[in-house]
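Below is one structure; the comments refer to it alone.
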Amino acid sequence: MTAEHEATRLIRAGNARRELPRTVGPPIQRGSTVLVDRAADLYDERKPTYGRAGLAAQEALMSALSELESASAVRLFPSGLAALTGAILAVVQAGDEVLVTDAVYKPTRRFCDRVLARFGVRTRYFAPDAAPDEVMSLASPATRLVVLESPGSLTFEMQDVPAIARLARHHGILTLIDNTWGAGLIFKPLAHGVDLSVQALTKYVGGHSDVFMGSAAAAAPAMVEALDRAILDFGWAVSPDEAYLMLRGLRTLPTRMERCGSSSLQLAAWLAQQPEVARVLHPALPGAPGHDIWRRDYVGTAGLFAIELRPAPGPAVDAFLDALTHFGLGFSWGGFESLALNADPQFEVRSRKPAFAGPIVRLNVGLEDPGDLITDLRRGLDAFAGAH
Ligand SMILES: Cc1ncc(COP(=O)(O)O)c(C=O)c1O
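Here my numbering is used: the first residue of the sequence shown is 26, the next is one more, and so on.
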């Protein structure tokens with residue numbers, strides 16, 4: 026037998042099959058190609074034959090998220106927005122109508138108004154704090170889906186999710202929630218009758234502001250099939266490295282959320298006493314809008330909330346934000362670091378502008394010492410008061 030050339034030997038070198046030692050995390054298995062043992066396995070649909078649907082790390086993450094969401098299955102998407110748009114696309118068709126909360130994450134709204142409209146799906150918006158029967162009064166025979174986001178991630182209106190889900194199901198209408206604030210941990214949408222529980226894992230599950238991913242969880246086999254079909258047809262995939270990072274974040278989710286939540290409540294209670302603050306929008310704060318629903322349905326709180334400042338011109342809000350040193354200025358949330366932003370420019374797209382007399386500042390409370398964060402906020406409020 027002639028010896029093979031080095032170029033040929035190097036293709037297979039190091040590829041001997043071996044049992045992997047067990048580690049705490051799953052192996053990061055990189056693979057588009059999946060090798061099968063026999064020709065008969067190539068078209069065996071019961072076994073993985075291609076890597077796009079995910080290998081060891083993605084499977085471990087989906088399984089862990091199913092546990093978190095009390096779901097029969099969870100599917101992964103390349104970002105939170107992709108999970109929202111993907112789950113919507115999985116269940117609508119031309120001629121359908123979708124009812125969406127007016128406080129929905131702005132890019133989700135853009136998708137509805139631009140993409141869904143282009144494919145013959147009409148979107149109508151309902152007030153984020155509308156009572157369940159007000160929401161359902163908008164439904165028509167064409168209504169296929171109600172899209173919820175509770176609390177709204179800028180103005181923190183709470184929706185009566187169990188009641189809306191119950192009424193919708195009674196009318197044969199599906200419900201989907203953006204549950205990024207609840208993270209599948211402090212609120213379990215599927216247990217409250219919601220059909221599709223979606224979250225941006227980018228926020229609390231990832232927890233470190235360095236990786237994008239989204240998930241859609243479902244209980245009913247028909248919903249899981251719909252998600253699978255959409256994933257197959259559109260070709261969404263997530264990398265094993267990022268799935269690994271998400272799983273690592275998930276391990277500490279309860280501990281981080283507990284700390285972010287309790288610090289945020291401490292800050293919220295303090296802010297409510299400050300003369301420059303007109304109102305605190307934090308569902309877990311007694312007396313705040315939506316608190317009764319939060320107390321009934323949630324087992325904890327996230328660290329994201331907002332304040333309404335006393336009426337003041339824009340530069341005073343900028344002075345507040347620019348004086349902060351522990352709060353970074355940025356759009357995301359759910360990470361270990363505190364963040365702040367002025368929310369008003371994002372209200373322009375809404376069907377009805379929220380009725381606030383003063384400017385809204387959103388705060389993401391991270392893992393810093395809450396006393397230091399309060400000192401920082403006082404500095405910001407002093408700058409705000411001094412600027413008008
Ligand atoms: C409420 C909400 N949903 C979804 C998303 C989208 O997540 P991603 O950035 O992973 O697409 C965000 C991001 O800011 C968000 O705030």
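Idealized CB from N, CA, C, for every residue including glycine. Computed from a predicted structure; not experimentally measured.
- DSSP places ARG404 within a helical segment (H, G or I) once states are collapsed to three.
- With a threshold of 7 Å, the Cβ atom of THR205 counts as near ligand 1, since some heavy atom of the ligand is closer than that.
- Taking C-beta atoms as the reference points, SER363 and GLU333 fail to come closer than 8 Å.
- Under the three-state reduction of DSSP output, ILE385 falls in the strand class.
- Remark: the C-beta of ALA225 is in contact range of ligand 1, defined as less than 7 Å to any heavy atom.
- Set against 7 Å, the gap from the CB of SER91 to the closest heavy atom of ligand 1 is not smaller.
- Across the set HIS217, HIS196, GLY197, the C-alpha of HIS217 shows the shortest separation from the C-alpha of ASN204.
- In the three-state reduction of the DSSP assignment, TYR150 falls in the strand class.
- If you check the C-beta of TYR130 against ligand 1, you find a heavy atom less than 7 Å away.
- In this structure, ligand 1 has a non-hydrogen atom nearer than 7 Å to the beta-carbon of PHE356.
- Not a single heavy atom of ligand 1 lies less than 7 Å from the C-beta of LEU67.
- For SER91, the enclosing alpha helix (DSSP H) starts and ends at 81-94.
- Counting only the Cα atoms, ILE198 lies some 11 Å from VAL219.
- Inclusion of HIS413 and PRO300 in the CB contact set at 8 Å is not warranted, their separation being larger than that value.
- If you draw a 10 Å sphere on the C-beta of ILE36, you find fewer than 16 other C-beta atoms in it, and that means exposed.
- Taking the Cβ of PHE237 as the reference point, at least one heavy atom of ligand 1 falls within a distance shorter than 7 Å.
- With a cutoff of 7 Å, SER222 does not count as near ligand 1, since its C-beta is closer than that to no heavy atom of the ligand.
- Taking 8 Å as the cut-off, the beta carbon of GLY391 is found closer than this to the beta carbon of GLY328.
- Residue side-chain check: LEU109 places its Cβ nearer than 7 Å to a non-hydrogen atom of ligand 1.
- Comparing alpha-carbon positions, the option among SER175, GLU84, ILE399 lying closest to LEU296 turns out to be ILE399.
- Between the C-alpha atoms of VAL230 and LEU278 there is a straight-line separation of about 6 Å.
- Going by DSSP, SER178 is part of no alpha helix (DSSP H) at all; its letter is neither H nor E.
- Unbroken beta strand (DSSP E) stretches of 3 residues or longer found wholly inside the region 202-283: 221-225, 239-243, given in chain order.
- The beta carbon of PRO73 sits closer than 8 Å to the beta carbons of VAL59, LEU80 from its chain, once the five residues preceding and following it are set aside; these are given in chain order.
- Here PHE409 is buried. Its C-beta has 16 or more other C-beta atoms within 10 Å.
- For PHE345, the enclosing alpha helix (DSSP H) has its first and last residue at 339-348.
- Looking only at PHE330, ARG55, GLN224, THR350, the smallest Cα-Cα distance to ARG304 is reached by PHE330.
- If you draw a straight line from the Cα of GLN298 to the Cα of ILE211, it comes to about 27 Å.
- Straight across, the Cα-Cα distance linking PRO103 with GLU70 is about 24 Å.
- With respect to the 8 Å criterion, LEU310 and ALA89 are not classified as neighbours on the basis of their beta carbons.
- A Cβ-Cβ contact shorter than 8 Å links LEU170 with VAL123.
- Put simply, of ASP343, SER240, ASN389 the residue whose alpha carbon is nearest the alpha carbon of ASP369 is ASP343.
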